[in-house]
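Asks: First residue of the sequence shown: 1393, per the working numbering; consecutive thereafter.
Every residue, glycine too, gets a C-beta built ideally from N, C-alpha and C.
On a predicted model such as this, the values are computed, not experimentally measured, just so you know.
Please see the structure below; I have some questions.
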Amino acid sequence: MSIVIAILVFCVIILLHEFGHYIAAKACGIFVKEFALGMGPALLRKKGKETEFVLRAIPVGGFCAFEGEDGTATEEEKLQNPRAFNAAPVWKRMIVILAGPLMNLVLGFIVVLIMMLTMKYLPTTVIHSFEPQSVSSEYLRAGDKIISVDGLPIFTSTDISYKLQSSDRKNAEGNLVFDFKVKRDGEVITIPDVEFMTIERQDGSTGVYFDFIILAEEKTFTSVIGASWRESCSTARLIIMTLVDLIRGKYGINELSGPIGVGTVISDAVKHYTLEDFLYIVSLITINLGVFNLLPIPALDGARFIFLIVELIRRKPTKPEVEGMVHFVGMAALLLLMIVVTFNDIRKLFTGGF
């Protein structure tokens, strides 16, 4: 049952992404030839008024095929087929391209909002109290509102956890140290080298002992909306920072997960964790898809948008064969990465690496 739920979550996220492209194209008067959910051989086909809706065998990915999507259109071709994608003004094509990722971001916000509504209290960034044997209490105080940690602006308590777990700067005593900026008694102050004790993880690495408790607040309409917005922004930023760390070599490719790995995480969340945990994972996945698709990587929506910006500036489109080759190379690289990541996911399934 948990595997079925994981597949359904994937399908809904992909469906809404493609529906964003579809509904934007319809609103802009662009002809959509095919709306496909999944990849590979077609299992079901249903002809709509003008669009063919297709369910394909592999529940990973999907696409909207537009009339005249490839190539440029001459003025004569635009007159012959005014609803073709390449006949539409640049600003309309921009809307269509951005609509898919934006739909994922909107879905992520809605899922976070539901998650916040399931919680009895909302977490803040204000320190409530300290754990016994706390080291950071020598620097911080109850009532301090955390503004930033090591220069990273803090939106949510998740940001604090991420930043405290992602540093290895230590003092002479071997404790991890961080520069905090807090709001105390109405004044913003900077506190350098705040100490935290280290702990040893199961894999042998060291981490930080998070030795203070965050204040919780009562739920109101405005506080729930605000907390949902901050959590969504925090998640999007976390994804970007993780990608930057990956490029810098902080994380290896073996630490990436593909559809199998993510599906396993969703399945475990269904079986072993709370509804709040499950909703957080779903929001992380859909926001991840939205942010990733906005990156200027060939074959993704972000790169297509960049080509449209270039067209807008130059007042003429890039040659179809040039853009096509760029996207082809990008797609080949992404498929190769997907193969490697999927192989790692399968290996982890048998070795218990998740």
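Going by DSSP, what residues sit across from CYS1403 in a beta bridge?
Replies: By 1-based counting over the sequence shown, the position of residue 1403 is 11. According to DSSP, CYS1403 bridges with nothing at all.
Asks: Using the Cβ count rule (16 or more neighbours within 10 Å means buried), how would you classify PHE1588?
Replies: Taking the sequence shown and counting its residues from 1, the one referred to as residue 1588 is at position 196. With 16 or more Cβ atoms within 10 Å of its Cβ, PHE1588 is classed as buried.
Asks: What are the boundary residues of the alpha helix (DSSP H) that includes GLU1668?
Replies: The residue given as residue 1668 occupies position 276 in the sequence shown. Unbroken alpha helix (DSSP H) run through GLU1668: 1667-1686.
Asks: Give the C-beta separation of LEU1726 and ALA1691 to the nearest angstrom, bearing in mind that I take them to be a contact with Cβ-Cβ under 8 Å.
Replies: One-based indexing of the sequence shown puts residue 1726 at position 334. One-based indexing of the sequence shown puts residue 1691 at position 299. That pair is a contact at about 6 Å.
Asks: Compute the Euclidean distance between the alpha carbons of LEU1682 and LEU1630, then round it to the nearest angstrom.
Replies: Position 290 of the sequence shown, counting from 1, holds the residue named residue 1682. Position 238 of the sequence shown, counting from 1, holds the residue named residue 1630. According to the sequence as given, residue 1682 is Gly; it is not Leu. Taking the straight line from one Cα to the other gives about 13 Å.
Asks: Using 9 Å as the threshold, is the C-beta distance between PHE1697 and LEU1490 below it?
Replies: On the sequence shown, position 305 is the one that residue 1697 refers to. On the sequence shown, position 98 is the one that residue 1490 refers to. For the pair PHE1697 and LEU1490, the CB atoms are nearer than the 9 Å cut-off.
Asks: With three or more C-beta pairs closer than 8 Å as the rule, is the region 1476-1487 touching the region 1397-1406?
Replies: Segments in contact, no.
Asks: Using the beta-carbon count (16 or more within 10 Å), is TYR1513 buried or exposed?
Replies: Counting from 1 along the sequence shown, the entry for residue 1513 is found at position 121. With a threshold of 16 other beta carbon atoms within 10 Å, TYR1513 falls short and is exposed.
Asks: DSSP three-state call for MET1431: helix, strand or coil?
Replies: Looking up residue 1431 in the sequence shown gives position 39. Looking at MET1431 - three-state DSSP - the assignment turns out to be strand.
Asks: Check whether the Cβ atoms of THR1517 and LYS1562 sit closer than 9 Å, and answer yes or no.
Replies: Along the sequence shown, read from residue 1 onward, the residue named residue 1517 stands at position 125. Along the sequence shown, read from residue 1 onward, the residue named residue 1562 stands at position 170. Their beta carbons are not under 9 Å apart, which means THR1517 does not touch LYS1562 by this criterion.
Asks: Taking the alpha-carbon of PHE1670 as reference, which of GLN1525, SER1549, VAL1504 and ASP1542 has the nearest alpha-carbon?
Replies: Walking along the sequence shown from the start, residue 1670 turns up at place 278. Closest option to PHE1670, Cα to Cα, is VAL1504.
Asks: Which residues mark the beginning and the end of the beta strand (DSSP E) in which SER1540 is found?
Replies: Residue 1540 sits at position 148 when you count from the first residue of the sequence shown. Here the beta strand (DSSP E) through SER1540 covers 1537-1541.
Asks: I'd like to check one pair, VAL1424 with ALA1434: are the Cβ atoms closer than 9 Å?
Replies: What you label residue 1434 is simply residue 42 of the sequence shown in a count that begins at 1. What you label residue 1424 is simply residue 32 of the sequence shown in a count that begins at 1. For ALA1434 and VAL1424, no; Cβs fall outside 9 Å.
Asks: Using 10 angstroms around the beta-carbon of LEU1509, count the other beta-carbons present and answer buried if the total reaches 16, otherwise exposed.
Replies: Counted from its first residue, the sequence shown places residue 1509 at position 117. The residue is exposed, with fewer than 16 neighbouring Cβ atoms inside 10 Å.
Asks: Output the boundary residues of the beta strand (DSSP E) element that contains GLY1453.
Replies: In the sequence shown, counting from the first residue as 1, residue 1453 sits at position 61. Where GLY1453 is concerned, the enclosing beta strand (DSSP E) stretches over 1444-1458.
Asks: Where does ASP1551 fall in DSSP's three states?
Replies: Position 159 of the sequence shown, counted from the first residue, corresponds to residue 1551. Residue state, collapsed to three classes: helix.
Asks: Helix, strand or coil for PRO1712, going by three-state DSSP, please let me know.
Replies: Translated into positions along the sequence shown, residue 1712 becomes position 320. If DSSP states are grouped into helix, strand and coil, PRO1712 belongs with the helices.
Asks: Mind checking who PHE1501 pairs with in its DSSP beta bridge?
Replies: The residue given as residue 1501 occupies position 109 in the sequence shown. DSSP lists no partner for PHE1501.
Asks: Measure the CB-CB distance between PHE1570 and VAL1580 and report whether it falls below 9 Å.
Replies: Taking the sequence shown and counting its residues from 1, one reaches residue 1570 at position 178. Taking the sequence shown and counting its residues from 1, one reaches residue 1580 at position 188. Against a cut-off of 9 Å, the Cβ pair of VAL1580 and PHE1570 comes out as no contact.
Asks: Under DSSP, the beta strand (DSSP E) around SER1521 begins and ends at which residues?
Replies: Within the sequence shown, numbered from 1, the residue matching residue 1521 stands at position 129. 1514-1522 is the extent of the beta strand (DSSP E) around SER1521.
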